[in-house]
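**Student:** Below you'll find the structure I mean.
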Amino acid sequence: MAESFQKQVADTILRNGLNNRYRVLEVSVIQRNGSDPEKHLTITASPSLEDPELCILRNGWESVPVVPGDIVHLEGECSSGTWVINAQCGFLVLYPDLLLSGTTISNSIRCMRRAVLSERFRGSESGSCQMLVGTILHDIFQQSVTNNLTQEKVQELANKIVYGQKYLKEMYHLNLKQAQIMQEVEEYLPSFFKWAEDFMHNPANQNKMQLKLSNGGKTEDVSSKIEVVDILDIEENIWSPRFGLKGKIDVTARVKIHCQSGVQSRIMPLELKSGKESNSIEHRSQVILYTLLNLERRADPEAGFLLYLKTGTMYPVSGARMDRRELMKLRNHLAFYLTHSTHKSDVGRQNSQLAALPPVIDDSQACKYCSQMHNCFLYSRAVEQKMATVAFPPAMVPVIDRETQHLKPSHLEYFNLWYLMLTLELQSGEHKKGYKNIWMIPSLEREKAGDCVGNMIRVDEVHEISEGQYLHFFQRRNGAIPGTNLLVGDRVVVSGEEKGLLGLATGYVREVSATKVSCLLGRNLSNLPKNTVFRLDHDEGDVGTGVPFENLSKLMRDSPVSERLRNLIIDFQKPHFIQHLSSVLPPEAKETVANILKGLNKPQKQAMKQVLLSKDYTLIVGMPGTGKTTTICALVRILSACGFSVLLTSFTHTAVDNVLLKLAKFKVGFLRLGRAQKVHPDIQKYTEEEICRSRSIKSVADLEEIYNSQPVVATSCMGVNHPIFVRKQFDFCIVDEASQISQLICLGPLFCSKRFVLVGDHQQLPPLVLNAEARDLGMSESLFKRLEQNQNAVVQLTVQYRMNSKIMSLSNMLVYEGKLECGSEKVSNATVNLPNLKKLKLDLGDASKTWLKEVLDPDTPVCFLNTEKVPAPEHAEKGGISNVTEAKIVLFLTSLFIKAGCKPSDIGIISPYRHQLKTITDLMAKWKENRVEVNTVDKYQGRDKSIIIVSFVRNSMDENLGTLLKDWRRLNVAITRAKHKLVMVGCVPSLCCYPPLEKLLCHLQAQAMILNLPVGAHESIHKCSIL
């Protein structure tokens, strides 16, 4: 077991001090006669694993499930190398960098299994009227107390919120009327006023409550009068890597406590509850955890309050050591299950297997109303029933079988395999990214890796752009912002540089200049002191990790839609087709359809016909340059002319917008879902956000009208949890880039349509999978690739309009077996236009070696520059692999093409290695050229340029080849981006170690397309006056 952890936690930073991190080396249980057992841990904070210390766990702490290799944080006293953690003092926090929310931990009190499942299946907690009313009440209460509103103003505010835009989507989703909600909200308002009267406005009021507080070193349980003096924050977001906790605190208040011994002032958490007044252990636990969270930012409040909005009753909750201790033990168990969700099987210890979840509880009443019931039973049937070690409560066995009886063995196997692959991938993701680097690595160091911008202060006013979206401006305190660290549209986490101000807000970068960054954040940070120094880190958090789990769960439900998809996708049921077009084409649409078909080539027409005849699905293979976007656009036009509703989706926002930009020209109406700032500027006016704003939509009926007004709805695959899809079924769903989308993410939009069309090309980039084991198990197989075995559902687009015949022949030889053809003579013979080439040759004079003439010659569309003799060694460092000589050659060629009259925007530079791109970009910056796009292969998929220069980087004979260049799909994308000229730079013998490149280089050799750069060619480049 230990070696798998060595791998897992190898990148964890160990340290002493307040935020210490220890690695556990050994665990032994010691039982002396008559006394309780103890756990003794040998631990170290030294990266070389020397200087071991001892940690003794007693009085119940020995139950913490800790194994060698685990990382722990210790709170308490260490005397001469020994920590003692017992009933009175100290805490052990297991995996402190896994931050769990107060809600998750209090949910685990009754059922640990539910808490673990709800961390994985985030979306199962489907909304209810009560939850929505609760959210609205929170909102009203928080705004009322912050602004100290009078009763009329509170009434006005309630009206404004309920009859405003903010919650319309949720009301539509739940099919509720605003008047219904208002009625419920109004029942609460008298209690609001009563509470405010009792605790805020009336110093003479005698509300007494029992509070345990320390005073001058001793703890007293006193009857005190509570006065809320000031509201300091609402929804305060706190991350605590000391305790492995995170949470949003409803209200943070400054409170005066009047008791016999005098008046104390404290900052305390206030948790609001809109449900029934239960003062339950779960509710109280949340408050206790919030008192711990407060330690990150301020003195220990020792207690907090629980306020039931329905009655206006407020309970004090004391954060006693005993309760904190028990909750931290629960948190540790939860962290253990979440971290050890897979284990290596004993046989050969090669393959990972899923681990058992916490046991199923024996309480059918609690299970009946649990939002995770479906997932819980599914996991026990598909995964745990095969395990000899797992026992179920006898009463639950028939229930589990009954709830999962609609699933065949093949379905349970699919669930098991995908749950395992998703979990492995999640582990890779969490260890690669996660938030922990924000608190474990200083901003200066993270800046070097390009993940952060530190040393920023807030300038200018904060603007509220829309409800809950605040525009902030940050400026570098001194010097410029490091180049490409933050790009427009990046998700960021804003923290203060000083301890305790972690994770203040998250949001998006709106604009970046040399010294300033503007961000749209979910919280207003203007209350913080003016001199606060901030850092902006890339938010690589778990956005979207719940989506594939959610879709997997949905696929296993007992519903007709899910059953149909299981048959088609898991069991490969053959897709069906109608015999005759006449039965689908309404007579009034015939002419329109015929006109659209006129503009298409033969394979494109075939694709249209196939889709119209399909009862289940069609796959369209869009080879490079074959006009995939045009085809999709024509397809949407035809389907809407026939009166069908269409859901258009894709993996990226860009691909969705590319189709919409074409559609807009043809006056086809559509609705674009998704956040306006992610959408192409010319499409923004079609977004739900913009339409609601411009028409100032304020009622559910109006919103519904917008949703039903357009036959075509467009969004990205991740956007399909939008409320519109709960109530609307489409005739067709079209998924672009389908070969790049992970199977389970691609499934999302298919639940809301009767038939689907997948457009892609599995000879181009596959879904990105970080975990090698998950990749070997088949996680990078897209749905497109999986269904492609049903040949009768596949149409190939083979006529391309991008590359001239010489460039096209490369990928025809490499992957397409000669199927690609040029769309016309003109495409086939096209060459690059370099109007100043003659003049340039004169300027170059002697420097123009034969190889240069060849490279620049428009009539040589393809050439490979072999750097073998030049010396062009690769350079490996922490950030990745680069090759400076190649970068200089690329820059030299770029400058010559521009001097020869090529527009900078017609040149693209590609490299598979990000670090090489950074090297090239830095060189370009010195040369003041920023109009030439420099990007990875992945970012160029689906696009083209007149001239493409590829830098392959690798030049060493060592065995460590890496995987990037072994992927022939990546190579295929790289060599099919150029329209007129493709120049490749690399070292032939080194690159021949990679099978795809070896095949390509053999072909280039045979066609005499390889030019050997002479010894010292890079020297003459340096001397060249042009640079």
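Going by UniProt numbering, the letters in the sequence shown line up with residues 1 to 1027, in that order. Note that beta-carbon positions come from the ideal geometry of N, C-alpha and C, so glycine has one too.
Which residue marks the beginning of the beta strand (DSSP E) containing residue 508, and which one marks its end?
**Tutor:** Position 508 of the sequence shown, counted from the first residue, corresponds to residue 508. It spans 505 to 512 - the beta strand (DSSP E) in which residue 508 sits, taken as one unbroken run.
**Student:** Measuring CB to CB, does residue 1011 end up less than 8 Å from residue 854?
**Tutor:** As a first step, residue 1011 is located in the sequence shown; it is residue number 1011 there, counting from the start. As a first step, residue 854 is located in the sequence shown; it is residue number 854 there, counting from the start. Going by C-beta atoms, residue 1011 is nearer than 8 Å to residue 854.
**Student:** Which same chain residues, not among the five before or five after residue 596, have their C-beta less than 7 Å away from its C-beta?
**Tutor:** Taking the first residue of the sequence shown as position 1, residue 596 is located at position 596. Excluding sequence neighbours, residue 596 sits near 634, 637, 638.
**Student:** In chain order, what residues of the same chain have a beta carbon less than 7 Å from the beta carbon of residue 338, not counting five sequence neighbours either side?
**Tutor:** Translated into positions along the sequence shown, residue 338 becomes position 338. Apart from sequence neighbours up to five positions away, the residues of its chain that approach residue 338 with a beta-carbon distance below 7 Å are 98, 116, 119, ordered along the chain.
**Student:** Looking only at its chain, what residues have a beta carbon closer than 7 Å to the beta carbon of residue 684, apart from the 5 residues adjacent to it on each side?
**Tutor:** On the sequence shown, residue 684 is found 684 positions in, with the first residue counted as 1. Excluding sequence neighbours, residue 684 sits near 676, 690.
**Student:** Relative to the C-alpha of residue 142, which residue among 270, 328, 182 is closest?
**Tutor:** Taking the sequence shown and counting its residues from 1, the one referred to as residue 142 is at position 142. The candidate whose alpha carbon is nearest that of residue 142 is 270.
**Student:** Can you tell me whether DSSP reads residue 707 as helix, strand or coil?
**Tutor:** One-based indexing of the sequence shown puts residue 707 at position 707. In the structure shown, residue 707 sits in a helix (DSSP, three-state: H, G or I).
**Student:** For residue 651, which residues in the same chain have their Cβ closer than 6 Å to its Cβ, ignoring the five residues on either side in sequence?
**Tutor:** If you number the sequence shown from 1, residue 651 lands on position 651. So the qualifying residues of the chain are 717, 737, 740, 741.
**Student:** On the three-state DSSP scale, how would you describe residue 367?
**Tutor:** As a working note, residue 367 is residue 367 in the sequence shown. In this structure, residue 367 counts as helix in the three-state DSSP scheme.
**Student:** Please check the pair residue 536 and residue 453, which I expect to be a contact at CB under 8 Å, by giving their CB distance rounded to whole angstroms.
**Tutor:** By 1-based counting over the sequence shown, the position of residue 536 is 536. By 1-based counting over the sequence shown, the position of residue 453 is 453. Indeed, because the Cβ distance is near 5 Å, the residues count as touching under 8 Å.
**Student:** Could you tell me which residues DSSP pairs with residue 474 in its beta bridges?
**Tutor:** Taking the first residue of the sequence shown as 1, we reach residue 474 at position 474. Paired residues: 458, 517.
**Student:** Answer yes or no: do residue 289 and residue 105 have a C-beta to C-beta separation smaller than 8 Å?
**Tutor:** Indexing the sequence shown from 1 puts residue 289 at position 289. Indexing the sequence shown from 1 puts residue 105 at position 105. Closer than 8 Å, so yes.
**Student:** What is the DSSP secondary structure of residue 1027, reduced to helix, strand or coil?
**Tutor:** Sequence index remark: in the sequence shown, residue 1027 carries index 1027 (1-based). Summary for residue 1027: the model assigns pLDDT 45, below 50, so the residue's position carries little reliability; its value from the coordinates is reported in the next sentence. Looking at residue 1027 - three-state DSSP - the assignment turns out to be coil, as it is neither helix nor strand.
**Student:** So which of 813, 872, 503 has the shortest CA-CA distance to residue 951?
**Tutor:** By 1-based counting over the sequence shown, the position of residue 951 is 951. Comparing Cα-Cα distances from residue 951 to each of 813, 872, 503, the minimum goes to 872.
**Student:** Thinking C-alpha only, which one of 773, 362, 590, 761 is nearest residue 815?
**Tutor:** Residue mapping note: residue 815 aligns to position 815 of the sequence shown, counting from 1. Comparing Cα-Cα distances from residue 815 to each of 773, 362, 590, 761, the minimum goes to 761.
**Student:** Return the CA-CA distance between residue 409 and residue 868, expressed in angstroms with no decimal places.
**Tutor:** By one-based count along the sequence shown, residue 409 stands at place 409. By one-based count along the sequence shown, residue 868 stands at place 868. Linking residue 409 to residue 868 through their CA atoms gives a straight-line distance of about 56 Å.
**Student:** Within the same chain, show all residues whose beta-carbon is closer than 8 Å to that of residue 302, passing over the 5 residues directly before and after it, in chain order.
**Tutor:** As a position in the sequence shown, residue 302 is number 302, starting the count at 1. So the qualifying residues of the chain are 212, 213, 214, 266, 291, 318, 319.
**Student:** If you follow the alpha helix (DSSP H) that residue 285 is part of, which residue opens it and which one closes it?
**Tutor:** In the sequence shown, the residue the question calls residue 285 occupies position 285. Its alpha helix (DSSP H) spans residues 281 to 294.
**Student:** If I measure Cβ to Cβ from residue 467 and keep anything under 6 Å in the same chain, skipping five residues before and after, which residues do I get?
**Tutor:** Mapped onto the sequence shown, residue 467 falls at position 467. Result list for residue 467: 166, in chain order.
**Student:** Report the residue from 775, 63, 732 whose alpha carbon sits nearest the alpha carbon of residue 967.
**Tutor:** Indexing the sequence shown from 1 puts residue 967 at position 967. The candidate whose alpha carbon is nearest that of residue 967 is 775.
**Student:** When DSSP builds the beta bridges, which residues end up paired with residue 863?
**Tutor:** Counting from 1 along the sequence shown, the entry for residue 863 is found at position 863. Note: residue 863 sits in a beta bridge opposite 983.
**Student:** Using the Cα positions of residue 46 and residue 25, report the straight-line distance between them to the nearest angstrom.
**Tutor:** Here residue 46 refers to the residue found at position 46 of the sequence shown. Here residue 25 refers to the residue found at position 25 of the sequence shown. Going by the C-alpha atoms only, they are around 11 Å apart.
**Student:** When you compare each of 455, 442, 504, 510 to residue 463 by their alpha carbons, which one comes out closest?
**Tutor:** To locate residue 463, count along the sequence shown from 1; it is residue 463. Comparing Cα-Cα distances from residue 463 to each of 455, 442, 504, 510, the minimum goes to 510.
**Student:** Kindly indicate the opening and closing residues of the beta strand (DSSP E) around residue 210.
**Tutor:** For the purposes of this step, residue 210 is taken as residue 210 along the sequence shown, with counting starting at 1. Counting along the chain, the beta strand (DSSP E) containing residue 210 begins and ends at 208 to 215.
**Student:** Nearest-angstrom Cα distance between residue 327 and residue 300?
**Tutor:** Counted from its first residue, the sequence shown places residue 327 at position 327. Counted from its first residue, the sequence shown places residue 300 at position 300. A straight-line Cα-Cα distance of about 17 Å links residue 327 and residue 300.
**Student:** Whole angstroms are fine: how far does the CA of residue 981 sit from the CA of residue 948?
**Tutor:** Here residue 948 corresponds to residue number 948 of the sequence shown, with the count starting at 1. Here residue 981 corresponds to residue number 981 of the sequence shown, with the count starting at 1. Roughly 6 Å between the two C-alpha positions.
**Student:** Go ahead and pull the three-state DSSP assignment for residue 259.
**Tutor:** Within the sequence shown, the letter at position 259 stands for residue 259. Here residue 259 sits in strand by DSSP.
**Student:** Between the Cα of residue 697 and those of 36, 172, 132, spot the shortest distance and give me the residue it belongs to.
**Tutor:** In the sequence shown, the residue the question calls residue 697 occupies position 697. Considering only alpha carbons, the answer is 172.
**Student:** Name the two residues that bound the continuous alpha helix (DSSP H) containing residue 988.
**Tutor:** The residue given as residue 988 occupies position 988 in the sequence shown. Looking at the DSSP string, the run of the alpha helix (DSSP H) that includes residue 988 is 988 to 991.
**Student:** Please classify residue 305: does DSSP put it in a helix, a strand, or coil?
**Tutor:** On the sequence shown, position 305 is the one that residue 305 refers to. Strand at residue 305.
**Student:** Report buried or exposed for residue 800, applying the criterion of at least 16 other Cβ atoms within 10 angstroms of its Cβ.
**Tutor:** Here residue 800 is taken as the residue at index 800 of the sequence shown, counted from 1. Label assigned to residue 800: buried.
**Student:** Which of the three DSSP states, helix, strand or coil, is assigned to residue 872?
**Tutor:** Numbered from 1 along the sequence shown, position 872 holds the residue referred to as residue 872. Correct three-state label for residue 872: coil.
**Student:** To which residues of the same chain is residue 53 closer than 6 Å at the C-beta, ignoring the five residues directly before and after it?
**Tutor:** The residue given as residue 53 occupies position 53 in the sequence shown. The answer, listed in chain order, is 43, 81.
**Student:** So, with DSSP's three-state summary, where would you put residue 3?
**Tutor:** Counting from 1 along the sequence shown, the entry for residue 3 is found at position 3. Since pLDDT at residue 3 reaches only 39, below the 50 mark, its modelled position is unreliable, and no value is offered.
**Student:** Determine the burial state of residue 618: buried for a count of at least 16 other Cβ atoms within 10 Å of its Cβ, exposed for fewer.
**Tutor:** Residue mapping note: residue 618 aligns to position 618 of the sequence shown, counting from 1. Residue 618 comes out buried.
**Student:** Out of 711, 703, 665, which has the shortest C-alpha to C-alpha gap to residue 642?
**Tutor:** For the purposes of this step, residue 642 is taken as the residue at position 642 of the sequence shown. Looking only at 711, 703, 665, the smallest Cα-Cα distance to residue 642 is reached by 711.
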